[in-house]
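Read in order, the letters of the first sequence are residues 133 to 699 in our numbering.
Data block below; observations after.
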Amino acid sequence: MDLSTKVRAAFEAAFPGNDFSFVRAVPATDRKFGDYQCNDALKLAKPMRLNPREVAAKVAEKLSADEAVAKVEVAGPGFLNITVSGAWISSRLGLLAADGNLSVPQIGKGKKIVIDYSSPNAAKQMHIGHIRSTVIGGALDRIFRTLGYDVIADNHLGDWGTQFGILIKGYRELLTDEERENLTVATLEKCYVLSAARAKEEDGVWREGCKAELVKLQQGDEGNRALWKRFIDISIGEFERMYSKLGVSFDTYRGESYYNDMMPGVVKRLQEVSLAVESEGALVVNLENENLGVAIVRKSDGGYNYTTSDLACVESRVKEYQPERIIYVTDARQQLHFKQWFSIAAKLGCTTKLVHVPFGLMSFQGKAISTREGNLVRLDELLSEAVKRSLAIVTSRRGSEEASSNPSEEDIRLAEQIGYGAVKYSDLSHDPITDIDFSWDKALALDGNSGPYLQYAYARVNSLMEKAGVSGVEGAFSVEESSERSLALQLLEFPGAVVRAAEAYKPSILADYLFQTAQLYSSFYQNTPVLKSDEETRRARLNLCALFGSVLSKGLSCLGIETPKRI
RNA sequence: GGGGUUGUAGCUCAACUGGACAGAGCGACGGUUUCCUAAACCGUAGGUUCCGGGUUCGAUUCCCGGCAGCCCCA
């Protein structure tokens with residue numbers, strides 16, 4: 133039984149007949165107060181018209197009867213400070229180690245959720261602005277799966293719209309045969325820029341040509357359709373190269389085009405229930421009484437916009453999957469848009485929980501990232517730089533000239549794991565809502581609170597276990613010294629950290645937990661001998677190390693970060 | 001003009017949803033490799049949590065009013 137349950141039971145025993153479901157024990161803010169604290173006696177005192185210290189004292193009396201509790205004290209205005217027994221900690225560690233999920237509760241069992249993230253535009257290269265949605269979404273994806281949810285990861289590609297008219301025209305007339313043969317996203321991007329520039333330069337003929345290609349595409353012309361399909365396939369192929377480096381993968385790539393034909397139906401339904409009304413030629417939904425302004429669902433030229441396509445998309449997903457909720461990971465600028473269409477969806481009878489997870493803007497050199505600003509750093513450029521920097525350290529640690537001038541395959545692979553881990557961790561370790569001004573040094577930090585710090589801790593624990601000739605937990609745990617105790621108590625918090633990260637939609641909560649855990653381990657490692665201690669202590673400490681390794685590895689895998697066995 | 005969001009150490013960020021003396025990393029200064037990987041560990045310095053009110057036994061956290069940055073809408 134976990135401690136919160138025990139404390140709750142003590143409240144129940146002391147004051148029968150009340151609802152104590154909110155009562156919980158949390159790790160003590162300061163170890164000198166004990167291992168755990170409970171502040172809930174203070175909340176009860178007023179409604180019960182009792183002195184808070186007396187409430188706490190009565191609960192303490194009941195609690196002290198429990199053999200898991202070594203000491204319980206009432207402090208300050210009515211805090212309960214609880215010290216648990218070493219035996220209890222050991223038995224809890226045993227439960228954690230014995231469970232394949234490390235006691236992470238399977239609260240999502242039988243529940244389906246859709247997570248919509250990354251969503252780059254087709255035919256354009258990914259850049260550092262795409263990291264956040266991809267990495268945060270990817271982490272949430274893995275965290276929810278760890279909690280037992282059946283997750284459908286969907287990539288809502290920008291794969292439809294006027295840019296394809298421009299692209300097709302450019303492809304037909306501006307590219308060389310060779311470029312057409314070996315088509316890449318970089319070529320497509322260049323092709324788009326050239327063609328768009330020409331259309332803009334008052335070249336009416338060119339512009340009309342682009343428009344004509346678009347119309348043909350929309351009307352299902354076979355040639356244009358095939359070309360479009362090819363652009364999309366090439367784009368996805370290249371995106372997947374990035375995704376594999378970032379540790380994410382998608383179940384579906386349903387871009388805007390997938391929902392295109394459903395939009396008239398959505399508009400029709402909006403009109404049927406009189407939600408949408410004509411205004412200056414456009415069709416709009418007025419949400420002013422909710423302070424959400426006005427959402428346009430069909431423009432005056434007959435075109436649709438994102439509100440309509442998002443409504444079509446949600447209808448489609450609900451019909452196909454009946455998910456418990458749908459999570460959208462996009463930048464914070466879109467908050468109003470999401471509030472608007474969430475509200476409309478609810479009015480159309482959608483009962484699925486819709487969640488927008490907004491993240492802060494990424495800028496570079498103080499400016500929003502854009503081609504126009506010329507501050508666009510391509511994602512593959514960042515990732516190769518990450519590998520380059522970690523490779524330099526990896527090879528220098530090898531010590532030989534040979535290793536640094538001619539790195540082995542193995543070292544390169546290691547440098548990739550470290551470099552990508554550094555990039556991912558630097559984003560995931562912050563609250564998503566924080567704005568980030570990109571800098572190479574921040575994105576590629578290799579020491580302190582960084583991905584490599586965590587990977588290093590893992591490599592060390594792994595090496596320790598190898599030397600000891602053990603592969604995992606064997607036999608009982610035992611915690612004696614304070615460095616063991618601190619680490620042990622921290623390890624017990626792992627399931628809670630995963631749950632909190634999911635509830636708040638913040639992978640940063642898990643990242644922060646793992647960093648703190650690794651810090652406690654590093655300190656333990658430095659100051660507490662393992663291999664050289666006597667047989668009994670050695671086995672117990674090795675168990676603690678093994679469990680730390682499992683927690684770290686599972687936690688990092690939730691963040692999409694690899695844990696090499698050796699660094 | 002309306003709305004959202006952020007404001008915490010020199011810099012980058014935490015603070016488990018209202019708890020005890022606000023914690024880390026980087027940077028600075030000092031120390032630790034005959035000992036399980038020094039990408040590490042230990043220590044020192046550094047704070048009016050933007051400002052002013054309010055609620056509360058208790059506020060970085062909640063409420064009201066300002067100020068500043070970023071963003072969205074018109």
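The beta-carbon is built from N, C-alpha and C at its ideal position, and this holds for glycine as well.
- Between V519 and G551, the gap from beta carbon to beta carbon is short of 7 Å.
- Cβ neighbours of R304 within its own chain (closer than 6 Å, five residues either side excluded): none.
- For the options T566, A500, G232 and K243, the alpha carbon positioned closest to that of P490 is the one of T566.
- Rounded to the nearest angstrom, the gap between the Cα atoms of C677 and G580 is 21 Å.
- Taking the C-beta atoms as reference points, A444 is found nearer than 7 Å to V398.
- In the displayed model, C342 falls within a helix according to three-state DSSP.
- If you ignore the 5 residues before and after L135, its C-beta comes within less than 8 Å of the C-beta of A157, Y168, A200, I214 and V216, all in its own chain and listed in chain order.
- Note: I544 is not bridge-paired with any residue in the DSSP secondary-structure output.
- Sorting E505, L663 and Y588 by C-alpha distance to the C-alpha of S654 places Y588 at the top.
- G208 is the residue among F276, G208, F609 and G166 whose C-alpha sits nearest the C-alpha of L174.
- Runs of beta strand (DSSP E) with 3 or more residues, each lying fully within the region 456-541, are found at 457-463, 485-491 and 494-496, listed in chain order.
- For A229, no beta strand (DSSP E) run applies; the uninterrupted alpha helix (DSSP H) run containing it begins and ends at G218 to A230, by DSSP.
- Around the CB of F609, 16 or more other CB atoms lie within 10 Å, so the residue is classed as buried.
- By the neighbour-count definition (other C-beta atoms within 10 Å, threshold 16), A318 is an exposed residue.
- Taken atom to atom, the span from the alpha-carbon of K322 to that of F154 is near 58 Å.
- In this structure, A255 sits away from F382, with a CB-CB distance that is not shorter than 7 Å.
- By the neighbour-count definition (other C-beta atoms within 10 Å, threshold 16), K301 is a buried residue.
- In this structure, K194 and A142 form a Cβ contact; the two beta carbons are roughly 4 Å apart against a cut-off of 8 Å.
- The beta carbons of F152 and A634 sit about 24 Å from each other, so the pair does not count as a contact at 8 Å.
- Annotation for I298: Y324, S327, A328, A331 and C342 place their beta carbon closer than 7 Å to its own, counting only its chain and skipping 5 residues before and after.
- Secondary structure note for L415: its beta strand (DSSP E) is the uninterrupted segment A414 to N418.
- Of the candidates S522, R698 and S615, the residue whose Cα lies closest to the Cα of E598 is R698.
- Looking from the CA of T649, the closest CA among W572, M394 and S615 belongs to S615.
- With 16 or more other Cβ atoms from the protein chains shown falling within 10 Å of its own Cβ, P252 counts as buried.
- Counting along the chain, Q651 sits inside the alpha helix (DSSP H) bounded by residues P639 to N659.
- When the beta-carbon positions are compared, F680 and F570 stay at least 7 Å from each other.
- Minimum Cα-Cα distance from V236 among the listed residues S682, T695 and G692 corresponds to S682.
- In the DSSP assignment, Y168 is bridged to P159 and I214.
- With 16 or more other Cβ atoms inside 10 Å of its own Cβ, G628 counts as buried.
- If the five residues before and after G425 are omitted, its C-beta is found closer than 8 Å to the C-beta atoms of L419, L468 and Q472, all from its own chain and listed in chain order.
- Per DSSP, R698 is not a residue of any alpha helix (DSSP H), being assigned neither H nor E.
- Going by beta carbons, A427 and T439 fall inside the 7 Å limit.
- By DSSP's assignment, A408 forms a beta bridge with V417.
- The C-beta of W220 has 16 or more other C-beta atoms within 10 Å across all chains shown, which makes the residue buried.
- Per the DSSP secondary-structure output, D248 pairs in a beta bridge with D286 and Y460.
- Annotation for A207: the continuous beta strand (DSSP E) segment containing it runs V201 to A207.
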